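Peer 1:
Numbering (our numbering), first residue to last: 1 to 351.
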């Protein structure tokens, strides 16, 4: 089995060759068809997150062991089943749900494995999809892709799911007023598509890259503004016809979170998704004065992924165009992603 692994944080990935694993118990072995390259992979590759005010979250200190095969947006074809695996078929293609928990705690039992305090996620805590094969721990984590393009669908395991779960957290007002989205990368653009499928009123986008602002406009944004403009807040308010009532920040920097919070009207809701880093600078009294809600949203659960794939299959959500990159170019793809060279999503394909 060929894979590309993080051997040292921040260093180029290394190619490794190892015996292809034989699935045991309820495990399922899949031949990788596509592996999305996510911004979260950049943080994993670099070894941590900027927490602001001189603090950093170290993945090494959090128990992320190297070497590690990254890749948590994987679509693959089943090639072997463990002796106890049931419910999936050899030769069929599936999307692999990566946000796996311990399976035993109350959080996991209610279906929110993505929030488990003892995670075992593919591509983070165990080997993922930057390889020609991937081992899924149970058939229940496989979502049937029959009739769908696996290369276009691979990013739905994270970017699509993350956007969908964040949208559900503000779903009560989506049909009544436009939504503010900060960041028009892969997450922001797929959020635009999903909102259409959910019958939303529309989206106002804040994005620093003019090319990505144009992409947002082509994808139906009501307005696309530069958040670094001196009058950015006034532009947002004018585009919305008043204060923003719901915002999703897919960047998560000090500047973007401040803009989103300042744009909120009374009773507004801000969902924080992005992991760019930094510390919040909100005036604490304004949170109760505005009666503002600030929520964190971390990927999504398995049920939400199945709902999202059903929306795509029903024709209500169109997958984003993807840039196909060769698996052996995984390191270069990470560098290009960090430099912001992709519109939409980058997907590694073996072969």
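Ideal Cβ placement from N, Cα and C applies to all residues, glycine included. The structure displayed is predicted, hence computed values, not measured ones.
When the Cα atoms are used, what is the spatial distance from residue 330 to residue 348?
Peer 2: Within the chain shown, residue 330 is the residue found at index 330, counting from 1. Within the chain shown, residue 348 is the residue found at index 348, counting from 1. Each residue's alpha carbon lies about 7 Å from the other.
Peer 1: Nearest-angstrom Cα distance between residue 346 and residue 327?
Peer 2: Residue 346 sits at position 346 when you count from the first residue of the chain shown. Residue 327 sits at position 327 when you count from the first residue of the chain shown. Their Cα atoms are separated by approximately 11 Å.
Peer 1: Mapping the DSSP letters down to three states, classify residue 61 as helix, strand or coil.
Peer 2: Taking the first residue of the chain shown as position 1, residue 61 is located at position 61. Three-state DSSP puts residue 61 in coil, outside helix and strand.
Peer 1: DSSP three-state call for residue 353: helix, strand or coil?
Peer 2: The question about residue 353 has no answer here: the residues shown for the chain are numbered 1 through 351.
Peer 1: Is the CB-CB distance between residue 248 and residue 273 below 8 Å?
Peer 2: Residue mapping note: residue 248 aligns to position 248 of the chain shown, counting from 1. Residue mapping note: residue 273 aligns to position 273 of the chain shown, counting from 1. Cβ distance < 8 Å, so residue 248 and residue 273 count as in contact.
Peer 1: Over the uninterrupted alpha helix (DSSP H) stretch that includes residue 187, give me the two end residues.
Peer 2: Locating residue 187 in the chain shown gives position 187, counting from the first residue. Run containing residue 187: 186-197, per the alpha helix (DSSP H) assignment.
Peer 1: So, with DSSP's three-state summary, where would you put residue 90?
Peer 2: Within the chain shown, the letter at position 90 stands for residue 90. Residue 90: coil per DSSP, three-state reduction.
Peer 1: Which of helix, strand or coil does DSSP assign to residue 290?
Peer 2: Along the chain shown, one-based indexing puts residue 290 at 290. Correct three-state label for residue 290: helix.
Peer 1: Does DSSP classify residue 338 as helix, strand or coil?
Peer 2: What you label residue 338 is simply residue 338 of the chain shown in a count that begins at 1. Of the three classes helix, strand and coil, the one that applies to residue 338 here is helix, per DSSP.
Peer 1: Rounded to the nearest angstrom, what separates residue 56 and residue 276 at their Cα positions?
Peer 2: One-based indexing of the chain shown puts residue 56 at position 56. One-based indexing of the chain shown puts residue 276 at position 276. Taking the straight line joining both Cα atoms gives about 12 Å.
Peer 1: Just to confirm my understanding: we take residue 295, look at its own chain, exclude 5 residues before and 5 after, and list those with CB closer than 8 Å. What are they?
Peer 2: Numbered from its first residue, the chain shown carries residue 295 at position 295. Result list for residue 295: 169, 269, 270, 271, 272, in chain order.
Peer 1: Return the CA-CA distance between residue 311 and residue 36, expressed in angstroms with no decimal places.
Peer 2: Position 311 of the chain shown holds residue 311. Position 36 of the chain shown holds residue 36. Rounded to whole angstroms, residue 311 to residue 36 spans 20 Å at the Cα level.
Peer 1: Short check: CB of residue 299 to CB of residue 161, under 8 Å?
Peer 2: As a first step, residue 299 is located in the chain shown; it is residue number 299 there, counting from the start. As a first step, residue 161 is located in the chain shown; it is residue number 161 there, counting from the start. Contact: yes.
Peer 1: Taking the CB atoms as reference points, tell me whether residue 259 and residue 227 lie closer together than 8 Å.
Peer 2: Position 259 of the chain shown holds residue 259. Position 227 of the chain shown holds residue 227. Going by C-beta atoms, residue 259 is nearer than 8 Å to residue 227.
Peer 1: How would you write the range of the alpha helix (DSSP H) that residue 132 sits in, first residue to last?
Peer 2: By 1-based counting over the chain shown, the position of residue 132 is 132. Segment: none, residue 132 is in no alpha helix (DSSP H) and carries neither H nor E.
Peer 1: Tell me which residues share the same chain as residue 334 and place their Cβ nearer than 8 Å to its Cβ, disregarding the 5 neighbours each side in the sequence.
Peer 2: Position 334 of the chain shown, counting from 1, holds the residue named residue 334. The residues are 13, 37, 41, 42, 45.
Peer 1: By how many angstroms is the C-alpha of residue 172 removed from the C-alpha of residue 103?
Peer 2: Position 103 of the chain shown, counted from the first residue, corresponds to residue 103. Position 172 of the chain shown, counted from the first residue, corresponds to residue 172. Cα to Cα, the separation comes out at about 30 Å.
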